Amino acid sequence: MTHASDAAAPPDLGPLLVRIAEALERLAPAPAARGDFEVADAFVWQADARHPAPVPKVSRVEMALLKGIERTREQLLDNTLRFARGLPANNALLWGARGMGKSSLVKAAHASVNAVMASEGKPPLKLVEIHREDIESLPALMALMRPAPFRFVVFCDDLSFDADDTSYKSLKAVLEGGIEGRPENVLFYATSNRRHLLPRDMMENERSTAINPGEAVEEKVSLSDRFGLWLGFHKCSQDDYLAMVEGYAAHFALPLDADTLRAEALEWATTRGARSGRTAWQYVQDVAGRLGVSLSEPPAAPR
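Residues in the sequence shown are numbered from 1423 upward in steps of one, following our numbering.
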């Protein structure tokens, strides 16, 4: 006679069920995009969560401290203000030298425009930053903003594409070429060190290996054509650099005489081999530290 205790024990299905559950989770669609644009005026797009995370306090430079780029500053400010008021405006590409205030200008323009909107009793303009590596999720972000009762500037800092990168096609389609196109309430601003967003050797390689070189390069170069407003940032002159230093020094009331300030600032730039807004800010930080001056509300270093 066979006793119940002698029968083979049932197999432990726990590990198998765990593996099945994990596989189903991987096959599940991405969570639906969600977001409450009422809670803040600035957000960072979290691609994995499909959620715009609010930014309570934006790290920004005051518009008046952005020296040496006055004409560019007015162009972007005018374009942004027209858009916030519901008038036609262009996507903007801010390209050129590092440290000359490209991203700082975008954030400063957003703050300045919202000050105007508040004085006019109108809803604020929303700024949403999307990281370069999340560009492929841009359609999901656009879909989230399309029905929202606000106007948005989507901002991508340091945008560029490498030779094996195809995500530029997603950006190009969203900006102009898709069936729905860019939502009427969304504008796209990007900064880049490259005028055409692509490395020169990549474009030359495409031209040399393609059956029709012109067409091969045209698709990639045409991405930059989606930006109606091109704003160039070039290495600053000595006078512009000193104006930046003096503007920061005056703003923070640094107790240093003008001749010493200028001499030290020039030496600082020489030792670093560059003159830029970022270099000016780094020098001002050094001076403030030596003089024991607290920069309790420092502007972000120009980028």
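All residues carry an ideal CB built from backbone N, CA and C; glycine is no exception. Computed from a prediction, not measured in an experiment: that's the story for all the values here.
Under a CB-based cut-off of 8 Å, is L1651 close to chain D? Looking for chain D here will not work: only one protein chain is present.
Euclidean distance between Cα positions of L1560 and V1575: 13 Å
Could you tell me whether the Cβ atoms of D1463 and K1529 are closer together than 8 Å? For D1463 and K1529, no; Cβs fall outside 8 Å.
Is there contact here, the region 1527-1544 with the region 1486-1494, by at least three beta-carbon pairs under 8 Å? yes
Measure the alpha-carbon distance for R1697 versus H1532 and round it to whole angstroms. 26 Å
Distance, P1437 Cα to Y1611 Cα: If you take the alpha carbons of Y1611 and P1437, they lie about 49 Å apart.
According to DSSP, is R1694 part of a helix, a strand, or is it coil? Three-state DSSP puts R1694 in a helix.
Considering K1548, what are the terminal residues of the beta strand (DSSP E) in which it resides? From DSSP, the beta strand (DSSP E) with K1548 extends over 1548-1551.
Is L1560 helix, strand or coil by DSSP? Helix, per DSSP.
Is there contact between the region 1657-1672 and the region 1700-1709, where contact requires at least three CB pairs shorter than 8 Å? yes
Which whole-angstrom value describes the C-beta separation of R1616 and W1517, a residue pair presumed to lie in contact below a C-beta threshold of 8 Å? Their Cβ separation, rounded to whole angstroms, is 6 Å, which keeps R1616 and W1517 in contact under 8 Å.
State the CB to CB distance for the pair I1552 and L1566, rounded to an integer number of angstroms; the pair is presumed to be in contact (CB under 8 Å). At roughly 12 Å, the Cβ-Cβ gap does not stay under 8 Å, so I1552 and L1566 are not in contact.
How about L1499 and S1534: do their beta carbons lie closer than 8 Å? Contact check for L1499 against S1534 passes: the beta carbons are separated by less than 8 Å.
Look at the alpha carbon of V1608 and the alpha carbon of M1485, and state the distance between them as a whole number of angstroms. 23 Å
My assumption, with CB atoms under 8 Å, is that L1676 sits in contact with V1715. Please give the rounded CB distance. 6 Å
Endpoints, alpha helix (DSSP H) assigned at G1699: 1699-1713
Which of helix, strand or coil does DSSP assign to P1437? helix
Can you pull the DSSP bridge partners for L1498? DSSP output for L1498 lists no bridge partner at all.
Is it right to say P1569 is buried, meaning 16 or more other beta carbons lie within 10 angstroms of its own, or is it exposed? exposed
Can you list, in chain order, the residues of its chain whose CB lies under 7 Å from that of D1556, leaving out five sequence neighbours each side? W1467, A1469
Nearest-angstrom beta carbon gap, L1645 and Y1590 [assumed within contact, 8 Å]: 5 Å
Ordered along the chain, which non-local residues of its own chain (more than five positions away) have a Cβ less than 7 Å from that of T1631? Interpretation of T1631 is limited by its pLDDT of 46, a score under 50 that renders its predicted location unreliable; no figure is taken from the coordinates.
If you draw a straight line from the alpha carbon of G1699 to that of T1693, how long is it in whole angstroms? If I take the Cα positions, the gap works out to 15 Å.
DSSP three-state assignment for F1674, whether helix, strand or coil: Coil.
Hey, how far is the Cα of A1471 from the Cα of L1509? Rounded to whole angstroms, A1471 and L1509 show a C-alpha spacing of 33 Å.
Could you name the residues of the same chain whose beta carbon sits closer than 8 Å to that of V1550, not counting the 5 residues immediately before and after it, in chain order? A1464, F1465, V1466, W1467, P1474, L1563, M1567, F1574, V1575, V1576, F1577.
Check for me: the alpha helix (DSSP H) holding S1614 runs from which residue to which? That residue, S1614, is in no alpha helix (DSSP H); its beta strand (DSSP E) goes 1608-1614.
Of the choices L1487, R1504, A1710, whose alpha-carbon is the least far from that of E1686? A1710
As a quick exercise: from V1538, E1606, S1614, pick the residue whose alpha carbon is nearest that of R1554. Among V1538, E1606, S1614, the Cα nearest to that of R1554 is on S1614.
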